[in-house]
Structures are given as structure tokens and as C-alpha cells.
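Novice: Sharing a structure below in C-alpha cells format, with a few things to ask.
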Amino acid sequence: MNYDSEQIDQNDEDVDLAIERELLASLITKLKCEIDESKNHNTLLETSKKVLVEKLKIEIADFKNKNKTLIEANNKLSKENDLLFADLIKSKAELKRRDSIKYATEMELECAK
Numbered sequence: 178m179n180y181d182s183e184q185i186d187q188n189d190e191d192v193d194l195a196i197e198r199e200l201l202a203s204l205i206t207k208l209k210c211e212i213d214e215s216k217n218h219n220t221l222l223e224t225s226k227k228v229l230v231e232k233l234k235i236e237i238a239d240f241k242n243k244n245k246t247l248i249e250a251n252n253k254l255s256k257e258n259d260l261l262f263a264d265l266i267k268s269k270a271e272l273k274r275r276d277s278i279k280y281a282t283e284m285e286l287e288c289a290k
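Okay, so the sequence shown: first residue is 178 according to my numbering, each after it adds one.
See below:
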């Protein structure tokens, strides 16, 4: 009887070990699938990253070109503004000169001739 009890215990242990092996094999298979999915996801992310980096490079180049164009336009407008301001100063000086008594006297003499 002792032999039968030991045999049953051994059979139970063998069954338990077989179940554990199956569970471990299943777990290993699931982990391999998760690793493969993770690798695929990482590959997709790397590809997306490369695409985004290229788009960003294009946007940066476009920004630099637009910025350069705006700087050139700003410089041109600044020069034009300086010229207009100089003309304004000259015009004010001319108006002040014409508003003076001396100018009025000169004009009266000029007209009298």
C-alpha cells in the first residue's frame, strides 16, 4: 500500500510538472509574441521618427528662406523709411524757410522786378 501511495504521489508530481511545463511553454510563446510585437512597434516608431525628422528639416529650411526674405524686405523698407524721413526733414526746413520774414521780403523784391 505504501508503494501505491508513493506511486500516486509521484504521478501527481509528474502531472503537476507537466502542467507547469505547458504553462511555461505557453508563457514563453506569449513573451516571444510580445517581443515581436514590441520590435514591430519600435520599427514603426523609428520609421515615423525618420519621416518626422525629414518633415522638420523641410520646415526649418522653409522657415529660414522665409526669414531671409523678410529680413531683406525689412532692410529695404528701412532704407526707404530713412529716405522718406530725410525728405521730411528737408521739407520741414523748406517750409520753415518759406515761412520766415526774410523769404517773404525776398519774394516781394523778386515780384517787384
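All C-beta atoms, glycine included, are put in the ideal place defined by N, C-alpha and C.
Under 8 Å Cβ to Cβ from LEU229, same chain only, skipping five residues before and after it: list those, please.
Specialist: By 1-based counting over the sequence shown, the position of residue 229 is 52. Cβ within range, chain order: n/a, list empty.
Novice: To the nearest angstrom, how far is it from the Cα of LEU233 to the Cα of PHE262?
Specialist: Counting from 1 along the sequence shown, the entry for residue 233 is found at position 56. Counting from 1 along the sequence shown, the entry for residue 262 is found at position 85. Taking the straight line joining both Cα atoms gives about 42 Å.
Novice: Counting along the chain, where does the alpha helix (DSSP H) carrying LYS279 start and finish?
Specialist: As a working note, residue 279 is residue 102 in the sequence shown. Start and end: 278-289.
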